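One line per chain: the protein sequences are A and B, in this order.
In terms of the numbering used here, the first sequence has 38 at position 38, counting the first letter as 1, and numbering is strictly consecutive.
In terms of the numbering used here, the second sequence has 154 at position 154, counting the first letter as 1, and numbering is strictly consecutive.
Protein chains: 2
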Amino acid sequence: MDLLDRDGLTEREFLERYRAGDYERPSVAADMVIFTVTDEEADSYRKLAEKELRILLIRRGGHPYLGKWALPGGFVRPNETAEQAAARELREETGVDDVYLEQLYTFSDIGRDPRTWVMSCSYMALINSDKLELKAGDDAAEAAWFKLSYRLLRERKELAEDGYVKTLEYELKLSSEGEELKAVVARTMTAKSTSTGTDYAIVLNDGLAFDHAKIIACAIERLRGKVNYTDIALHLMPKLFTLTELQQVYEVISGKELLKAAFRRKVADLVAETDHYTENAGHRPSRLYRRNLED
Amino acid sequence: MDLLDRDGLTEREFLERYRAGDYERPSVAADMVIFTVTDEEADSYRKLAEKELRILLIRRGGHPYLGKWALPGGFVRPNETAEQAAARELREETGVDDVYLEQLYTFSDIGRDPRTWVMSCSYMALINSDKLELKAGDDAAEAAWFKLSYRLLRERKELAEDGYVKTLEYELKLSSEGEELKAVVARTMTAKSTSTGTDYAIVLNDGLAFDHAKIIACAIERLRGKVNYTDIALHLMPKLFTLTELQQVYEVISGKELLKAAFRRKVADLVAETDHYTENAGHRPSRLYRRNLED
DNA sequence: TAAATAGTGTCTGTGAGACAATATGAG
DNA sequence: CTCATATTGTCTCACAGACACTATTTA
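Right, dumping it as structure tokens:
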């Protein structure tokens, strides 16, 4: 490359002389919503265990939001990508590695961190409860798995000239051994004849730090969307599982009951039979399946 | 909030004393893939015009990548969100405002900008060719609308122990009055029994700056995906349009031919009839529709 | 009248929803 | 034998793919 710029410099010369300007720069954090599924004890030994969707939160030990619960995360360092930073945090917090990791959205609202200018590049991770055992409670920071519930609370639609504004308010509840956090997140869709836009806002926030309620809402919606047309839910399953367990996971994610026959047809290509069966179930044993890695 | 931290400070005191640390911070750019659809002149006055999908590129006037073509974009400033920065750039480059704008992905590969540490928070914008007229050629920087073609070039699948690696190579071609840019982008999906990941890489790059070939690939894939289950394509249409024109836009985005009857059934709820018709078409006139803002 | 496109009708197969019927192990 | 779940069968309905047919304008 021998092109010369306005100052008569080659690219190499330009780069040698380049000094980062004095523009203010943001800090960029990688924050993660780490999902897992756990069993809730059943009433009777003959009944099946119910499944719960949980996410990992960490209690803040310093200002700001001292004592509130936050998503695990940390700043991206100069010689890593945001994804590597997320993977590093995941390893530090849970000890697990090599799991499903997907970038969600980059939040950059001004003032979202009261200290300084911080953007959050958010990720979603899915880990199965097998791996989970490794790290029950470990280091100094207080961490806990919160049971998650996310449901539509209110739906509003206002017609404007030239379009409408639709607002969906969702209630986010997180609970873990006595702790109960609650938030309401509003998703506003503005449709005009020319443009369309979606915007999240926190309507109510009790116990969560920063704008993390938004990030969690964003993660659940992504998860719910992808459950229906990918094999993403299989990342929440252990090596071997029954189809009923898989169905329970689909149900707890989407918040809907599914019909058994239709469900089995739908996931038929995503799983592969094994010759193993459940034992001592108090009823007919169930065939165990594993994730199908064919197509 | 009267909680005190380890140093006995309230949150207010903490924030008053807070000084941004000396950690190195990245610059964050908002880069945009601006799509539009234009008509290509037909051979005969009786034939319909074909549609072309185009994106806006800007020729770099300084190092690095002097003379190469880059996506419009710029650094996010301290008192704006990344989205506002994208909207601002869009306004500066095209003069249009109030269009469909969607965040795509944040790219943070190390070394993606040879000058310094720069992340790119990328956006996709859709504008219709009506608005386009406003700004044909305007300011100092050389800008041009490039016709876009993106097709699967090669597909490879390698079985590993415990999973497989699938690589899809796409050819990206951009052309505008003599200029012809070409790139090959590989999308690698790694599936193991535990994890799954997707990764983009630039295999070949002729004429595009930075990692912008990746960003463009990412945008096309998002657009192709969403065309099938949202009304996103309507943002590329003028106020009034025929169903055949809309079908052409669907076809040029997805790269597939569609059947007329099925297509009309599919978009029936997304559009609304008007009482206007095309004129002087050299054949039967066509009813004009507009975007339906009902549901 | 011919060319070219607009717009509609209908057959068929696929697949999801719904529900029913049968199977099996623990106790 | 009963409980509770596992697993399979099948009926119906909605809908997309495929193709054909009719309608309407301009030159």
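Glycine included, every Cβ here is placed at the ideal spot set by N, Cα and C.
Because the structure is a prediction, the values reported are computed rather than measured.
Note on geometry: alpha-carbon atoms of residue 257(B) and residue 249(B) lie some 11 Å from one another.
Here the C-alpha atom of residue 130(B) lies approximately 58 Å from the C-alpha atom of residue 40(A). Two segments are said to touch when three or more pairs of C-beta atoms, one from each, lie closer than 8 Å; by this definition the region 204-211 of chain A touches the region 60-69 of chain A.
Under the three-state reduction of DSSP output, residue 63(A) falls in the coil class, being neither helix nor strand. For residue 243(A), the secondary structure class from DSSP, reduced to helix, strand or coil, is helix. Ranking 196(A), 132(A) and 214(A) by CA distance to the CA of residue 169(A) puts 214(A) first. Residue 144(A) sits close to residue 57(A), with the two beta carbons spaced by under 8 Å. Neighbours of residue 106(B) in chain A, taken as residues whose beta carbon is under 9 Å from its own, are 28, 82, 103, 105, 106, 119 and 121 in chain order. For chain B, the residues of the region 236-251 of chain A that bring a beta carbon within less than 9 Å of one of its beta carbons are 239, in chain order. Counting only runs of at least 3 residues, the region 78-107 of chain B fully encloses the following beta strand (DSSP E) elements, listed from N- to C-terminal order: 100-107. For residue 191(B), no alpha helix (DSSP H) segment is defined; the enclosing uninterrupted segment is the beta strand (DSSP E) at 179-192. In its chain, beyond the 5 residues on either side, 236, 237 and 238 have a beta carbon closer than 6 Å to the beta carbon of residue 128(A). The three-state secondary structure of residue 199(A), taken from DSSP, is strand. For residue 14(B), no beta strand (DSSP E) segment is defined; the enclosing uninterrupted segment is the alpha helix (DSSP H) at 11-17. Proximity of chain B to residue 207(A) at the Cβ level (cut-off 7 Å) is not reached, the minimal Cβ distance being about 13 Å. Residue 220(B): member of the alpha helix (DSSP H) spanning 212-227, first to last residue. Taking all protein chains in view, the Cβ of residue 73(B) is crowded by 16 or more other Cβ atoms within 10 Å, so the residue is classified as buried. At least one C-beta of chain A is nearer than 8 Å to the C-beta of residue 193(B). Under the 8 Å criterion on CB atoms, residue 200(B) is classed as non-interfacial with respect to chain A.
When Cβ-Cβ separations below 8 Å define contact, residue 110(B) makes contact with chain A.
Taking C-beta atoms under 8 Å as the contact rule, residue 37(A) and residue 51(A) qualify, at a distance of about 5 Å. Under a criterion of Cβ atoms nearer than 7 Å, the residues of chain A adjacent to residue 291(B) are, in order, 193. Residue 285(B) and residue 277(B) have their alpha carbons spaced roughly 6 Å apart. Under a criterion of Cβ atoms nearer than 8 Å, no residue of chain B is adjacent to residue 71(A); the nearest Cβ is some 17 Å distant. Residue 130(A): member of the alpha helix (DSSP H) spanning 129-132, first to last residue.
Secondary structure of residue 266(A) (DSSP, three-state): helix. Chain B places no beta carbon closer than 8 Å to that of residue 285(A), leaving this residue out of the contacts.
According to the DSSP assignment, residue 143(A) belongs to the beta strand (DSSP E) that extends over 143-160.
Its chain contains 170, 171 and 255 as the residues whose beta carbon lies nearer than 7 Å to that of residue 151(A), once the 5 sequence neighbours on both sides are disregarded; these appear in chain order. At least 8 Å separates the CB of residue 228(B) from every CB of chain A.
When 186(A), 221(A), 142(A) and 179(A) are compared, the shortest CA-CA separation from residue 157(A) is found for 186(A). For residue 45(B), there is no enclosing beta strand (DSSP E), as DSSP gives it neither H nor E. Beta-bridge pairing by DSSP links residue 55(A) to 35(A) and 146(A). Within chain A, not a single residue places a beta-carbon under 9 Å from that of residue 91(B); the smallest gap is close to 13 Å. Here residue 78(A) is exposed, its C-beta having fewer than 16 other C-beta atoms within 10 Å.
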